[in-house]
Amino acid sequence: MLAWVVITALVLSDTCQAATSPRPNILFIMTDDHATQAIGAYGSRVNQTPNLDRLGAQGLRLDRCYAVNSICTPSRATLLTGQYSHRNGVPVFNDIDPARTTVAHRMRDSGYYTAMIGKWHLGSDPQGFDHWEILPGQGRYNDPVLYDRDGHRIYKGYVTDIITRLTRNVLQKRPKDRPFFVMCHHKAPHREWTPSDRYRREFALKTIPEPPTLWDDHVGRADALREQRQSIFKNLSRYDLKLTPPEDLSPTDRQRWLNEVPTEVSWMIDGQPTVLRGRDLDRWKYQRYMQDYLGCVQSVDDSVGELMEWLDANGLRENTLVIYTSDQGFFLGEHGMYDKRFMYEPSSRMPFLARWPAGIRPGSTSEALAINCDFAPTFLDLAGARIPEDMQGRSLVPLFQGKRPAEWRSEIYYRYYHDPGHHNTRAHYGIRTATHKLIHYWKADQWELFDLVQDPDELRNRFGDADQAERVAHLRQRLRKLQTELGDTGQFTDELPKDTVDRRPRQMDRKHPDSEL
Ligand code: CA
5 MLAWVVITAL VLSDTCQAAT SPRPNILFIM TDDHATQAIG AYGSRVNQTP NLDRLGAQGL
65 RLDRCYAVNS ICTPSRATLL TGQYSHRNGV PVFNDIDPAR TTVAHRMRDS GYYTAMIGKW
125 HLGSDPQGFD HWEILPGQGR YNDPVLYDRD GHRIYKGYVT DIITRLTRNV LQKRPKDRPF
185 FVMCHHKAPH REWTPSDRYR REFALKTIPE PPTLWDDHVG RADALREQRQ SIFKNLSRYD
245 LKLTPPEDLS PTDRQRWLNE VPTEVSWMID GQPTVLRGRD LDRWKYQRYM QDYLGCVQSV
305 DDSVGELMEW LDANGLRENT LVIYTSDQGF FLGEHGMYDK RFMYEPSSRM PFLARWPAGI
365 RPGSTSEALA INCDFAPTFL DLAGARIPED MQGRSLVPLF QGKRPAEWRS EIYYRYYHDP
425 GHHNTRAHYG IRTATHKLIH YWKADQWELF DLVQDPDELR NRFGDADQAE RVAHLRQRLR
485 KLQTELGDTG QFTDELPKDT VDRRPRQMDR KHPDSEL
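Structure follows, in structure tokens:
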């Protein structure tokens with residue numbers, strides 16, 4: 005009887021709340037590898053992103069939002085579980101356990117219509133979604149295949165445009181009696197950075213400014229920076245640089261040619277075929293890389309504009325929270341690199357722009373430290389659902405309201421595992437405060453300390469400096485405390501799960517019954 009009274013009271017209070025302030029719809033747009041350095045709202049020197057800038061100007065920009073393991077699959081698992089990799093079991097490219105309850109189940113259980121479109125990259129099928137249609141693994145840029153429970157379809161066209169269209173269709177056909185939680189996950193601007201034809205042509209004519217740290221000599225930093233293989237100059241292949249193979253090569257030789265890193269390139273400059281070597285070639289590689297990367301970003305910006313306009317035109321502007329983020333940052337030539345993985349700022353920092361006219365004042369910004377573990381608790385908070393205790397982030401809703409609670413976190417913990425792995429990036433963990441960062445490459449037992457105020461580009465390792473000894477001791481103690489609090493006992497120190505997420509999904513073996521192709 006008592007239980008019934010309590011349940012009735014809860015139902016009534018939910019109903020009352022719904023009548024006065026309906027829960028917001030959530031459109032969560034996430035791209036893959038889009039760094040803040042390539043977003044106008046974050047002060048980009050390399051491109052213009054009018055739609056993303058508008059999203060930020062009409063709402064909130066978080067200036068210190070970080071991935072806790074800066075790599076695609078783990079970041080996605082953290083997004084869904086609100087947990088660090090050592091808790092959610094996805095430290096590398098291994099499948100998320102499909103039996104695990106995620107934020108999608110919880111949003112659906114709390115009455116939301118849930119959908120997931122685009123890049124999933126978590127191996128096992130999405131769970132907890134009323135509707136899903138995803139790319140297999142990384143997916144293709146052109147004429148991509150997408151699949152759902154019933155099979156696969158091939159869509160003619162450019163992947164960013166297709167994911168936008170599919171998201172719009174989902175929004176259009178959604179049940180109107182429930183709020184929605186729709187995840188639109190773009191593949192772009194992930195490697196191999198294939199822009200649409202329009203933006204390929206447009207960006208090929210541009211000269212992109214070089215970042216001040218492009219020619220960083222890595223002196224004084226850990227060996228990890230010299231051992232990595234994510235150098236624009238030493239590791240981008242002819243395939244990455246979109247060079248055309250000679251016509252007379254056999255298929256095997258053609259593949260080998262594409263996989264090689266060129267040490268000289270013949271290129272038309274001012275109408276003249278010119279052979280590029282050395283520093284000239286390095287500069288050219290940076291330009292080729294950035295032209296393609298930024299061309300991909302431009303379609304993403306268009307997509308965000310199109311989705312915002314659709315919401316506005318359909319009377320959904322006021323009470324829909326639109327979030328734009330990326331699964332991590334990316335090196336756009338900083339320290340001479342591409343890719344991510346490192347705890348350095350360009351790679352671990354995530355964009356976070358959010359518009360919600362009913363709940364966020366336009367032009368808001370916050371420097372509070374946020375992490376991708378916070379996203380799931382934020383969604384649940386907005387849904388009025390319980391935030392489970394095993395989630396390791398906290399709701400960002402107070403930041404939406406322009407408040408920073410007194411007990412807000414003053415430091416964040418980071419851990420990267422994929423070693424040995426792609427790009428030979430060494431495993432490491434570390435702590436970041438508002439002003440400093442301490443990193444431990446634990447296999448070689450090497451440390452880095454950066455003063456982020458004096459040295460925002462992270463060029464000067466202060467770890468061994470006598471005047472920093474006290475700070476180092478304090479940060480090491482805080483780091484150990486964070487590891488204890490978060491339950492990181494080195495679960496994956498000795499053995500990593502196998503990389504499995506890129507294997508062919510079984511739905512790919514059958515054509516979708518609705519497929520027109
Ligand atoms: Ca990524």
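If you're matching positions, the sequence shown starts at 5 in the numbering used here and goes up one per residue.
Note that the Cβ used here is the ideal one computed from N, Cα and C, for glycine as well.
Which residues neighbour ligand 1 when neighbourhood means a C-beta less than 5 Å away from any of its non-hydrogen atoms? List them by chain order. D36, D37, C76, D331
Examine the Cβ distances between the region 64 to 73 and the region 314 to 326 and report whether three or more of them are shorter than 8 Å. With fewer than three CB-CB distances shorter than 8 Å, the region 64 to 73 does not count as touching the region 314 to 326.
If you compare alpha carbons, which of W124, I375, S235 is closest to H190? Taking the sequence shown and counting its residues from 1, one reaches residue 190 at position 186. Per the Cα distances, W124.
One question on the structure: do Y328 and L56 come within less than 9 Å of each other, judged by their Cβ atoms? Translated into positions along the sequence shown, residue 328 becomes position 324. Translated into positions along the sequence shown, residue 56 becomes position 52. Taking 9 Å as the Cβ cut-off, Y328 and L56 qualify as a contacting pair.
Could you tell me the alpha carbon to alpha carbon distance between Y417 and F237, rounded to whole angstroms? Taking the sequence shown and counting its residues from 1, the one referred to as residue 417 is at position 413. Taking the sequence shown and counting its residues from 1, the one referred to as residue 237 is at position 233. Taking the straight line from one Cα to the other gives about 31 Å.
Which residue marks the beginning of the beta strand (DSSP E) containing Q138, and which one marks its end? Counted from its first residue, the sequence shown places residue 138 at position 134. One detail in the question is off: residue 138 reads as Ile in this sequence, not Gln. First-last of the beta strand (DSSP E) with I138: 135 to 139.
Three-state class that DSSP yields for I166 in the structure shown: For this step, residue 166 is matched to residue 162 along the sequence shown. Of the three classes helix, strand and coil, the one that applies to I166 here is helix, per DSSP.
Are the beta-carbon atoms belonging to V149 and R157 less than 9 Å from one another? Taking the first residue of the sequence shown as 1, we reach residue 149 at position 145. Taking the first residue of the sequence shown as 1, we reach residue 157 at position 153. Against a cut-off of 9 Å, the Cβ pair of R157 and V149 comes out as a contact.
With 16 as the cutoff for other CB atoms within 10 Å, does V279 come out buried or exposed? Along the sequence shown, one-based indexing puts residue 279 at 275. Exposed.
4 or more residues per run - each alpha helix (DSSP H) lying fully within the region 189 to 253: Listed in chain order, the complete alpha helix (DSSP H) runs (minimum 4 residues) inside the region 189 to 253 are 201 to 208, 227 to 231, 236 to 239.
In the DSSP assignment, the alpha helix (DSSP H) including V308 goes from what residue to what residue? Locating residue 308 in the sequence shown gives position 304, where the first residue counts as 1. Start and end: 282 to 317.
Measure how close the beta-carbons of Y88 and D492 come, nearest whole angstrom, since I'm counting them as under 8 Å. Position 84 of the sequence shown, counted from the first residue, corresponds to residue 88. Position 488 of the sequence shown, counted from the first residue, corresponds to residue 492. Y88 to D492, Cβ: 7 Å. Contact.
For F496, which residues of its own chain have a beta-carbon under 7 Å away from its beta-carbon, when the five flanking residues on both sides are left out? To locate residue 496, count along the sequence shown from 1; it is residue 492. Here the set comprises H90, P95, Y421.
Residues near D522 by beta carbon distance below 8 Å, same chain, minus five either side: Outside the modelled stretch of the chain, which goes from 5 to 521, sits residue 522, for which no answer is possible.
Between G122 and T106, what straight-line distance do the alpha-carbon atoms span, to the nearest angstrom? Your numbering for residue 122 matches position 118 in the sequence shown. Your numbering for residue 106 matches position 102 in the sequence shown. Roughly 18 Å between the two C-alpha positions.
Kindly indicate which three-state DSSP category T35 falls into: helix, strand or coil? The residue you call residue 35 lines up with position 31 of the sequence shown. In this structure, T35 counts as strand in the three-state DSSP scheme.
What are the complete beta strand (DSSP E) segments, minimum 3 residues, inside the region 406 to 493? 415 to 420, 432 to 437, 440 to 445, 450 to 455
Please confirm whether T439 and L463 have their CB atoms less than 9 Å apart. Counted from its first residue, the sequence shown places residue 439 at position 435. Counted from its first residue, the sequence shown places residue 463 at position 459. Contact flag unset, no.
Kindly indicate which three-state DSSP category Q21 falls into: helix, strand or coil? Position 17 of the sequence shown holds residue 21. Because Q21 sits at a pLDDT of 43, beneath the cut-off of 50, its placement in the model cannot be relied upon, and the following sentence gives the value as read from the coordinates. DSSP places Q21 in helix when its eight states are reduced to three.
Express the C-alpha separation of Q487 and I435 in angstroms, rounding to a whole number. Here residue 435 refers to the residue found at position 431 when the sequence shown is read from its first residue. Here residue 487 refers to the residue found at position 483 when the sequence shown is read from its first residue. The straight-line gap from Cα to Cα measures roughly 10 Å.
Could you give the residue range of the beta strand (DSSP E) that holds H156? On the sequence shown, residue 156 is found 152 positions in, with the first residue counted as 1. Here the beta strand (DSSP E) through H156 covers 155 to 158.
Please state whether the Cβ-Cβ distance between M34 and L83 is less than 9 Å. As a first step, residue 34 is located in the sequence shown; it is residue number 30 there, counting from the start. As a first step, residue 83 is located in the sequence shown; it is residue number 79 there, counting from the start. Result yes, Cβ atoms of M34 and L83 sit closer than 9 Å.
Do you know how far the Cα of W314 is from the Cα of R172? Taking the first residue of the sequence shown as 1, we reach residue 172 at position 168. Taking the first residue of the sequence shown as 1, we reach residue 314 at position 310. Just so you know, the alpha carbons of R172 and W314 end up roughly 8 Å apart.
Considering Cα atoms alone, identify which of H194, V304, V401 is closest to F379. Residue 379 sits at position 375 when you count from the first residue of the sequence shown. F379 has its Cα closest to that of V401, out of H194, V304, V401.
Backbone secondary structure at R330 - three-state DSSP: Working through the sequence shown from its first residue, we reach residue 330 at position 326. Note that residue 330 corresponds to Ser in the displayed sequence, not to Arg. Here S330 sits in strand by DSSP.
Compute the beta-carbon to beta-carbon distance between V265 and S241, rounded to the nearest angstrom, for a pair I have assumed lies under 8 Å. For the purposes of this step, residue 265 is taken as residue 261 along the sequence shown, with counting starting at 1. For the purposes of this step, residue 241 is taken as residue 237 along the sequence shown, with counting starting at 1. At roughly 6 Å, the Cβ-Cβ gap stays under 8 Å, so V265 and S241 are in contact.
To the nearest angstrom, report how far apart D518 and D154 are at their CA atoms. Here residue 518 refers to the residue found at position 514 when the sequence shown is read from its first residue. Here residue 154 refers to the residue found at position 150 when the sequence shown is read from its first residue. Answer to the nearest angstrom: the Cα atoms are 9 Å apart.
Starting from the C-beta of P366, find all residues in its chain whose C-beta is less than 6 Å away, skip the five residues before and the five after it, and write them out in chain order. Translated into the one-based positions of the sequence shown, residue 366 becomes position 362. For P366, where only same-chain residues beyond five positions count, the Cβ hits under 6 Å are Q62.
Does the region 299 to 309 come close enough to the region 280 to 287 that 3 or more CB-CB pairs lie under 8 Å? no
Helix, strand or coil at P277 according to DSSP, with G and I counted as helix: Numbered from 1 along the sequence shown, position 273 holds the residue referred to as residue 277. Three-state result, P277: strand.
Where V186 falls: helix, strand or coil (DSSP): Numbered from its first residue, the sequence shown carries residue 186 at position 182. Strand at V186.
M111 - containing alpha helix (DSSP H), residue span: Numbered from 1 along the sequence shown, position 107 holds the residue referred to as residue 111. Segment 107 to 113, the alpha helix (DSSP H) holding M111.
Check the DSSP bridge columns for I325 and list the partner residues they point to. As a working note, residue 325 is residue 321 in the sequence shown. It should be noted that the sequence gives Leu, not Ile, for residue 325. Note: L325 sits in a beta bridge opposite I30.
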